[in-house]
Amino acid sequence: MDPKDGSSTTPVWAEEFSVHASEDAYVQRRQFTKFLVLTSFGMVAGNGWIWLKALTAAERATWPQVVIGRASEIQPGTVRFFSYPEETDSCILVRRTNGEFAAFSQKCTHLSCAVYYAVERDRLECPCHEGYFSAANGRVLQGPPPRPLPQIMLEQRGDELVAVGLTMHGESE
Amino acid sequence: MKGLSNPARRRRRVAIDAAMVMVILVLMVQMWLLTATLESYLAGHHGAALPGFISSLVLFAVCAFLYRLVLRIDRMKEREHGSEATRSGPWKIG
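The listed protein sequences derive, respectively, from chains A and B.
Using this note's numbering, the letters of the first sequence map in sequence onto residues 13 to 185.
Using this note's numbering, the letters of the second sequence map in sequence onto residues 462 to 555.
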C-alpha cells in the first residue's frame, strides 16, 4: 500500500520522515554534479593561468646578460653552477672533454630533480629516474623526461663566458 | 525501491544519471586538455595556450548547462511533490 494514504500500516515515523531514500539519492547526485562543475571551473582557471603565463613570457623580449666566469678557469670535464635568468633558476655550465662549453637548466624536465654531468659518458644524468640528456644540446637520450633540457645561450667575450638567453628547443621546431 | 516503481521518477533519475555521466566525460576531456596545454607550454609552444583556454571555457559552459538541466529536473520533482503534499500532506495525521 502507498504509505502516503493514511490507511497503510507504515509506522508514523516512516510517514513523517522528511527525506525518502530515493530523494536522498537525488540530492547526493545533484551535489556530486555541482562538485564536478566546480572542478570543471578549476580546469578553466588552470588553462587561464597557463595562458596568462604564456602572455607574460611572450612580452619578455630581452634576456639578462650574466657573466658566469672565466673560460680559462674551467677545465675540460668540469662544471660550474650558476643561476639564470632568475636567482632561483639553477643552471649548470659544462666544459666537455673536447673543450666545448654548453650550459643547461639543471632541472630535469621529468620531475625537476637536479641533473649532473657524467664526465666518463659525456652526458647529463638525472639520478632520480635515470633520465639521460646529451651534453651537446640537451636532447633526451634515455628515460622518462618528456622534453630536452632548456639550454642557456652562451657568448664568449675574451676570456669571459656570458649567458645571454635561454632556448627551449621547442620554440624553433 | 519505491522511487523506481514510479515511471516519471525513473525517467528523471535516468536523465540525471545521463547528465552526470556527460559531465564526467567533459571533465575528463578538460583534464586531458589542461595536461596537454601545460606540457606544450613547458616545451616552449606558447601558441597552444589560448586555444586550450577557450576550449576549456567552452567545455565548462557545457558542464554548467548540464548542471542547470539537473537543477531543472530537480525542480520538476519538487513541484510534483508539492502538489502531492497539498493533496495528502504529512501534517494530516490520523
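The C-beta atom is built at its ideal place from N, Cα and C for all residues, glycine as well.
In this structure A:Gly150 is in contact with A:Phe116, their Cβ atoms being roughly 5 Å apart against a cut-off of 8 Å. Segment contact: the segment 52-64 of chain A against the segment 142-156 of chain A, fewer than three CB-CB distances shorter than 8 Å; contact not assigned. For A:Ile164, there is no enclosing alpha helix (DSSP H); the enclosing beta strand (DSSP E) covers residues Gln163 to Arg169. A:Val106 is positioned such that its CB atom lies closer than 8 Å to that of A:Val91. Just so you know, the alpha carbons of A:Gln163 and B:Leu486 end up roughly 39 Å apart. Sequence-distant partners of B:Glu500 (beyond 5 residues in either direction) whose C-beta falls short of 7 Å from its own C-beta are missing from its chain. Under a criterion of Cβ atoms nearer than 8 Å, the residues of chain A adjacent to B:Met492 are, in order, Met55.
As DSSP reads the structure, A:Arg107 sits in a beta bridge with A:Thr90 and A:Phe113. Looking at A:Pro158, A:Asp171 and A:Gly170, the one whose alpha-carbon comes closest to that of B:Leu503 is A:Pro158. Note that the segment 521-535 of chain B touches the segment 487-494 of chain B; at least 3 beta-carbon pairs, one per stretch, sit closer than 8 Å.
Looking only at A:Arg42, A:Glu142 and A:Asp171, the smallest Cα-Cα distance to A:Cys120 is reached by A:Glu142. Using a CB distance below 9 Å, the part of the segment 104-134 of chain A facing chain B consists of Thr121, ordered along the chain. Taking the Cα positions, A:Phe47 is about 13 Å away from A:Met55. Nearest in C-alpha terms to A:Tyr96, of all of A:Glu85, A:Phe113, A:Gln118 and A:Ser84, is A:Gln118.
Annotation: B:Gly508 to A:Ala66 spans about 8 Å, alpha carbon to alpha carbon. For A:Val127, there is no enclosing alpha helix (DSSP H), as DSSP marks it with neither H nor E. No Cβ-Cβ contact shorter than 8 Å links A:Leu161 with A:Val174. Beta-carbon to beta-carbon, B:Val531 and B:Ala480 are separated by about 5 Å, close enough to satisfy the 8 Å threshold.
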